[in-house]
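Residue numbers for the sequence shown follow my numbering, beginning at 10 and rising by one. Note that CB positions come from ideal geometry on N, CA and C, so glycine has one too.
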Amino acid sequence: LYATNDTTLSNWFKYGALRENENIVYFYLLANETEVVLYDFNLNVGEIFISTHNSIEYHGCPIEKEVSSIDTVTIENGEERQRINFSDGEQWISGIGSIYGLVFVGVYQCIIDMYYDLSCCHENAGLVFQSPNFDNCLINTVGLNENNTRINHSVCPNPFTQTTVINFDYSSSQTYGLQIINSTGQVVQKINQINSGKIEISGNQLNSGIYFYLLTNDKNEIVRGKLIKKE
Numbered sequence: 010l011y012a013t014n015d016t017t018l019s020n021w022f023k024y025g026a027l028r029e030n031e032n033i034v035y036f037y038l039l040a041n042e043t044e045v046v047l048y049d050f051n052l053n054v055g056e057i058f059i060s061t062h063n064s065i066e067y068h069g070c071p072i073e074k075e076v077s078s079i080d081t082v083t084i085e086n087g088e089e090r091q092r093i094n095f096s097d098g099e100q101w102i103s104g105i106g107s108i109y110g111l112v113f114v115g116v117y118q119c120i121i122d123m124y125y126d127l128s129c130c131h132e133n134a135g136l137v138f139q140s141p142n143f144d145n146c147l148i149n150t151v152g153l154n155e156n157n158t159r160i161n162h163s164v165c166p167n168p169f170t171q172t173t174v175i176n177f178d179y180s181s182s183q184t185y186g187l188q189i190i191n192s193t194g195q196v197v198q199k200i201n202q203i204n205s206g207k208i209e210i211s212g213n214q215l216n217s218g219i220y221f222y223l224l225t226n227d228k229n230e231i232v233r234g235k236l237i238k239k240e
């Protein structure tokens, strides 16, 4: 397994290795010569996946996830693949892996302030997965939204069970709108004409899992981040 942090797709380095045995995928990280269970496609509904994160960034972080459902999904080439859905919102697709990235299983149990998303996956030179959040495999942010500025804000509590509150620097001269987006890119809540610097978000209509919020005003100032809804 090779990786690069360069958007020009250069400077590749050996990251690790994968092996599979009886529907269980193991990942060996070269940086510290350790191997862990990365995927177990033998899991049934209600069973718990327990492992340890083994990426360079979050090595050693414990992972514990419950399977909420198992179904099939039609991938880009028309083929149907098994999909395992977890109670925290993560999904595994057979032959593709986690929707958060191949080696980033359970990553949101280790962080709350970064965004991980598998943009695409190719198999034998053919596209088999394309994230609904992106139009292309390679996401180039250079030169995009250069006029955007961020609004000072805070979110508490996060994770939350019933309600959480976004506080931000409000200006009465601006018009604000908020969107709550689930892990598949669907807008599940939308609030327009916000007239204060305090937004209370109810979890009553939200399943447990990972969500993303996007708050904008008419000056193109942006607040964005991640919410974690727990049972």
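Name, in chain order, the residues that DSSP records as bridge partners for residue i.
| i | result |
| --- | --- |
| F221 | I190, K235 |
| E132 | G135 |
| V207 | It should be pointed out that residue 207 corresponds to Lys in this sequence rather than to Val. In the DSSP output, where bridge partners are listed per residue, K207 has N176. |
| Q198 | I189 |
| V164 | I175 |
| V116 | DSSP, once it has assigned bridges, lists no residue as partnering V116. |
| Y35 | R28, V46 |
| K23 | Y11 |
| F169 | K238 |
| N226 | Y185 |
Where does residue i land, buried or exposed, given buried means 16+ other C-beta within 10 angstroms?
| i | result |
| --- | --- |
| Q195 | exposed |
| N145 | exposed |
| T173 | buried |
| I242 | Absent from the model: residue 242. The displayed extent of the chain is 10 to 240, so no value can be given. |
| G135 | exposed |
| S180 | exposed |
| D97 | buried |
| K239 | exposed |
| L52 | buried |
| I219 | buried |
| K23 | exposed |
| I59 | exposed |
| Y11 | exposed |
| N63 | buried |
| G165 | Looking at the sequence itself, residue 165 is Cys, so the reference to Gly does not match. Exposed, because fewer than 16 other Cβ atoms sit within 10 Å of the Cβ of C165. |
| I65 | exposed |
| W21 | exposed |
| V232 | buried |
| G25 | buried |
| L127 | buried |
Give me the Cβ distance between residue i and residue j, rounded to the nearest whole Å; I'm assuming they're in contact under 8 Å.
| i | j | result |
| --- | --- | --- |
| V46 | Y37 | That belief does not hold up - the Cβ atoms of V46 and Y37 are roughly 11 Å apart, past 8 Å. |
| D248 | R92 | The displayed coordinates of the chain run from 10 to 240. Any statement about residue 248 would go beyond what the structure contains. |
| P71 | T61 | 6 Å |
| E85 | V137 | 5 Å |
| Y185 | I203 | 4 Å |
| S103 | F50 | 6 Å |
| I237 | Y117 | 7 Å |
| L224 | L187 | 5 Å |
| V264 | S78 | What is shown of the chain runs 10 to 240, which leaves residue 264 out entirely. |
| C119 | Y67 | 4 Å |
What I want to know is whether the C-beta of residue i ends up closer than 7 Å to one or more non-hydrogen atoms of the ligand MG.
| i | result |
| --- | --- |
| H162 | Ligands displayed in this structure: none; no statement on the ligand MG is therefore possible. |
Contact between the segment 107 to 120 and the segment 201 to 215: three or more CB pairs below 8 Å? no
Quick check on the DSSP output: what are the complete beta strand (DSSP E) runs of length 3 or more inside the segment 38 to 113, in order along the chain? 43 to 49, 57 to 61, 71 to 83, 89 to 95, 100 to 102
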